[in-house]
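S.K.: A single structure is presented below for examination.
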Amino acid sequence: MVGFWVQLPSPTAARRHSTMSCLPSPVCIPGGVRAFSCVSACGPRPGRCCITAAPYRGISCYRGLTGGFGSRSICGGFRAGSCDRSFGYRSGGVSGPSPPCITTVSVNESLLTPLNLEIDPNAQCVKQEEKEQIKCLNNRFAAFIDKVRFLEQQNKLLETKLQFHQDRECCESNLEALYEGYIQTLKREAEHVEADGRRLASQSNHIQEALEGYKKKYEEEVALRATAENEFVALKKDVDGAYLHKSELEANVEALTQETDFLRQMYEEELQVLHTHISETSVIVKMDNSRDLNMDSIVAEIQAQYDDTAGRSRAEAESWYRSKVSGPALPSQNRDAKI
1 MVGFWVQLPS
11 PTAARRHSTM
21 SCLPSPVCIP
31 GGVRAFSCVS
41 ACGPRPGRCC
51 ITAAPYRGIS
61 CYRGLTGGFG
71 SRSICGGFRA
81 GSCDRSFGYR
91 SGGVSGPSPP
101 CITTVSVNES
111 LLTPLNLEID
121 PNAQCVKQEE
131 KEQIKCLNNR
141 FAAFIDKVRF
151 LEQQNKLLET
161 KLQFHQDREC
171 CESNLEALYE
181 GYIQTLKREA
191 EHVEADGRRL
201 ASQSNHIQEA
211 LEGYKKKYEE
221 EVALRATAEN
231 EFVALKKDVD
241 GAYLHKSELE
251 ANVEALTQET
261 DFLRQMYEEE
271 LQVLHTHISE
281 TSVIVKMDNS
291 RDLNMDSIVA
301 EIQAQYDDTA
311 GRSRAEAESW
321 YRSKVSGPAL
331 PSQNRDAKI
């Protein structure tokens, strides 16, 4: 907070000069803003006096009946024992009120001067010190909280240790019985392990025997496979030879088929030629009256002529066929030799 202080005129100077009751004066409000207010509108404060324009300067204690009003009549209430100066007319008791008198009004120039407002230079330092103190207190409070938590943890740890030692003292009395029970349990487990070992050993022997049998079967199968591979190679050779022989036979069949077709055509042509010769030949038969006609000799002679013609035709056809077949036969023989 920023503090302000106000320098007021002395009471003797205020009494020396009378002013109006509503004279504006500078007043400090929070935030450092200067404003004006009426003196009569503010309640009395310690060390301040309200100036009036009454001709009588006596002090009224507000216990008697007065005919005027004081400067506190607007905001402040009447207080017992407060002494304020008032203006107006006073009660004269039995004689009645005295007539008011008008006095001259003079202005005090010193009251119109601006007030000396200064900021307290120590306010910032005090504020900073308060902040530091608050930080220090917060740190100490946090340290105390951490210490309390640590002590609670230590307390829990000590309680756990105490409970452990108490349980240990209770269990030490039954320690021998516990060891005996544990030893018996271990013995039973050892017996079970031995039985399992014997059972596993017998299973291992059976598995070893089965493995030996499978090994022998594997060796036999390997030997059979080798034999089958050898047989396959031999059969492959035989198949290759048979395929070559089949190719040769197919070539021979084709050649013989061509030869047969050629011979058939030759025979058909020869028959046609013979038929034409027979149809064009005129036979002169000498008829005699002799009755000793020999038909067998005639047929034999004709058959000999026909056989001679057929032999010449066959020889020519064979020579032509050999000349045709000898050409394709050479490449096939070379291919067979390469294979």
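Going by the UniProt record's numbering, the first residue of the sequence shown is number 1, and it counts up by one from there.
The beta-carbon is built from N, C-alpha and C at its ideal position, and this holds for glycine as well.
Would you kindly report the start and end of the unbroken alpha helix (DSSP H) that includes Leu-112?
M.R.: Position 112 of the sequence shown, counted from the start, is the residue given in the question as residue 112. Taken as a continuous stretch (DSSP letters only), the alpha helix (DSSP H) holding Leu-112 covers 109 to 112.
S.K.: Using the Cβ count rule (16 or more neighbours within 10 Å means buried), how would you classify His-245?
M.R.: By 1-based counting over the sequence shown, the position of residue 245 is 245. Classification for His-245: exposed.
S.K.: In angstroms, rounded to a whole number, what distance separates the CA positions of Glu-269 and Arg-322?
M.R.: Locating residue 269 in the sequence shown gives position 269, where the first residue counts as 1. Locating residue 322 in the sequence shown gives position 322, where the first residue counts as 1. Using only the alpha carbons, I get a separation of about 20 Å.
S.K.: Going straight from the alpha carbon of Ala-304 to that of Tyr-267, what length do you get?
M.R.: Counting from 1 along the sequence shown, the entry for residue 304 is found at position 304. Counting from 1 along the sequence shown, the entry for residue 267 is found at position 267. Rounded to whole angstroms, Ala-304 to Tyr-267 spans 17 Å at the Cα level.
S.K.: Check whether the Cβ atoms of Leu-263 and Ala-315 lie closer than 7 Å to each other.
M.R.: Position 263 of the sequence shown holds residue 263. Position 315 of the sequence shown holds residue 315. It is not a contact, given that the beta carbons lie outside the stated cut-off.
S.K.: Once the 5 residues before and after Arg-312 are set aside, which same chain residues still bring their CB inside 6 Å of it?
M.R.: On the sequence shown, position 312 is the one that residue 312 refers to. Closer than 6 Å at the Cβ level, and outside the excluded window around Arg-312, lies no residue.
S.K.: Look up Thr-103 in the DSSP assignment and say whether it is helix, strand or coil.
M.R.: Along the sequence shown, read from residue 1 onward, the residue named residue 103 stands at position 103. If DSSP states are grouped into helix, strand and coil, Thr-103 belongs with coil.
S.K.: Please go through the stretch 204 to 247 and give each complete beta strand (DSSP E) segment of 3 or more residues, from N-terminal end onward.
M.R.: Listed in chain order, there is nothing to give.
S.K.: Within the same chain, show all residues whose beta-carbon is closer than 6 Å to that of Ser-319, passing over the 5 residues directly before and after it, in chain order.
M.R.: The residue labelled residue 319 in the question sits at position 319 within the sequence shown. Nothing meets the Cβ criterion.
S.K.: With a CB to CB cut of under 8 Å and the five nearest residues on each side skipped, what residues in its chain are close to Tyr-306?
M.R.: Start at 1 with the first residue of the sequence shown, and residue 306 comes out as number 306. Cβ neighbours of Tyr-306 beyond the five flanking positions: Leu-274.
S.K.: Give the secondary structure of Asn-155 by DSSP, where H, G and I count as helix, E and B as strand, and everything else as coil.
M.R.: Counting from 1 along the sequence shown, the entry for residue 155 is found at position 155. Asn-155 falls in the helix class under three-state DSSP.
S.K.: Under three-state DSSP, which class holds Ser-319?
M.R.: Counted from its first residue, the sequence shown places residue 319 at position 319. Reduced to three states, the DSSP call for Ser-319 is helix.
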